[in-house]
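**Q**
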Amino acid sequence: MVTDVLAANIDVALGSAMFTWQTERKRAFLQKHMQLLGQHHREHCPYYRGLLDSVWGGGSFERLEDAPFIPVRLFKEYSLKSVPDAEVFKVMTSSGTSGAQVSKIYLDRTTAGLQTKALSKIVQSVIGAARLPMIIVDSEDVIKDRAMFSARGAGILGFSMFGRKTLYALDGSMQLKREELQRFVTEHRDGPILLFGFTSIVWDHFYRPLKESGASLGIRDGVLIHGGGWKKLQDRAVGPDVFREGLRSVCGVERVLNYYGMVEQTGSISFECEEGFLHANALNEILIRRAGDLAPAPVGEPGIIQTLSILPLSYPGHSLLTEDEGVIVGEDNCRCGRMGKYFQVLGRIKQAEIRGCSDTFGGRA
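Heads up: the sequence shown begins at 318 in our numbering, then just goes up one per residue.
#1: Please determine, among A486, A532, V322, the residue with the shortest C-alpha to C-alpha distance to G569.
#2: S587 by DSSP, collapsed to three states: which one?
#3: Closest to H635 by CA distance: which of T337, E457, G332, K349 is it?
#4: In angstroms, rounded to a whole number, what distance separates the CA positions of M318 and S631?
#5: Going by the beta-carbon positions, is the gap between L512 and V567 smaller than 8 Å?
#6: Given a cut-off of 8 Å, decide if A330 and A599 are closer than it, judged by their beta-carbon atoms.
#7: Do you know whose CA, among G563, W520, R481, Q418, lies nearest G508's CA?
#8: CA-CA distance, V573 and T410?
#9: When the distance is taken between beta carbons, is I510 closer than 8 Å to I536?
#10: With distance defined between alpha-carbon atoms, name the residue in K528, S626, R553 nearest to I603.
#11: Kindly list the residues whose CB is nearer than 7 Å to the CB of M491, restricted to its own chain and excluding five residues on each side of it in sequence; keep chain order.
#12: Between S587 and Y576, what straight-line distance do the alpha-carbon atoms span, to the nearest angstrom?
#13: Quick check: S420 and E581, are their CB atoms within less than 8 Å of each other?
#14: According to DSSP, V540 sits in a beta bridge with which residue or residues?
#15: Can you list, in chain order, the stretches of the beta strand (DSSP E) that have 3 or more residues and sit fully within the region 625–650?
#16: Can you give me the start and stop residues for the alpha helix (DSSP H) that S530 sits inside?
#17: Might you give, ordered along the chain, the residues of its own chain that have their beta carbon closer than 6 Å to the beta carbon of L484, omitting 5 neighbours on each side?
#18: Do you know offhand how far F660's Cα is from Y364's?
#19: Considering only the alpha carbon of each residue, which of G620, M656, N650, S442 lies closest to E640?
#20: Have a look at I605 and L354 and give me their C-alpha separation to the nearest angstrom.
#21: I269 and V540: beta carbons closer than 8 Å?
#22: Flag this pair as yes or no: are the beta carbons of K461 and G657 separated by less than 8 Å?
#23: If you follow the beta strand (DSSP E) that G480 is in, where does it begin and where does it stop?
#24: Judging by CA-CA distance, which residue of L534, L527, G544, H505 is the nearest neighbour of G514?
#25: Decide if R553 is buried, meaning its Cβ has at least 16 other Cβ atoms within 10 Å, or exposed.
#26: Hey, would you say the C-beta of L550 is under 7 Å away from at least one heavy atom of the ligand MG?
#27: By the 10 Å Cβ neighbour count, where 16 or more other Cβ atoms means buried, how is N650 classified, buried or exposed?
#28: Along the chain, where does the alpha helix (DSSP H) containing Y364 start, and where does it finish?
#29: Just to confirm the assignment, what range does the alpha helix (DSSP H) spanning K548 have?
#30: With DSSP collapsed to three states, give me the class of M351.
#31: According to the neighbour-count rule (16 or more other Cβ atoms, all chains shown, within 10 Å of its Cβ), is A597 buried or exposed?
#32: Using DSSP bridges, identify the partner residues of N294.
#33: Assign D610 to one of three DSSP states: helix, strand, or coil.
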């Protein structure tokens, strides 16, 4: 069965070191896997089959750059799943503003398990395998509904498996629990501490209250993992360097690691290296496409980010055209020593370009 081959391929990737595959090996592996994934979803997701037939002429391809993709926005407009309703184990939703459409991602137990294993392998390759005392810069209220996870709730639960003696730093009103936070840091001051949160929440509800009070937590050995929410900060001229220095000044954390990921491809995240670049790994890949004609862009040319992931089995989320602009900086030659592509995310693309890309696929199924 196709699913058996897909599962075997994923086991191979999970059993490898995440950042050691050079481009030639990874390209051959991904090309075969993406072909099988496309076949799997074509057989089990009627809407996706309609897209392949009407937009992609059936969906066959020879080069990885020609792999069919769909705009990530379609997950807000259609129920895209490749499993029967009875096998849906969990539905995850994207984090959206009030009244906005959200993506719905349908997971069976197999896909949910693969995502958990993948996230674990990637994070451990960056911070090590030991579970650390953990500060989650958010409110515990976010994870109360276990039946339908938001991207925020899923992120919290996913990363919480790397911690022990976990403290939620914010109360139900998103106010900083200062006294509890200081007691926690004091209790675990002699060892490493892990912090996790979403970028804008960390800045607005953690950094700013500490900065305004003149407090410094004095964490001697810590690592902060954060992701998402950059647009809100970039509009206020808060870039990665300002963010890192701000967090170091109020809590002493020296390692501040950004990651790039999305609810539509949970588990397939890209971490920032010591040189400040995001890295694809053995489970995912990044392509850049020109906004005008969606042709592949070469290294160094900005364009729309396309993300590939080997993990989505229960829904056709393996090849997605995002709404983010980025640029591939290089391949196999980052000074950090990690192999594969390394890239930067430059921001969100214009709404007109988002609509144009989605319109290409609308009404075709």
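Quick reminder that beta carbons are idealized off the backbone N, C-alpha and C, glycines included.
**A** In short:
#1: A532
#2: strand
#3: K349
#4: 15 Å
#5: no
#6: yes
#7: R481
#8: 27 Å
#9: yes
#10: S626
#11: S456, H522
#12: 5 Å
#13: yes
#14: L511, R572
#15: 636–648
#16: 525–530
#17: I452, F501
#18: 32 Å
#19: G620
#20: 21 Å
#21: Outside the modelled stretch of the chain, which goes from 318 to 682, sits residue 269, for which no answer is possible.
#22: no
#23: 480–487
#24: G544
#25: exposed
#26: Among the ligands in the structure shown, none appear at all, so the ligand MG cannot be discussed.
#27: exposed
#28: 363–372
#29: 547–551
#30: helix
#31: buried
#32: Residue numbering for the chain in the displayed model covers 318 to 682; residue 294 lies beyond these limits and cannot be assessed.
#33: coil
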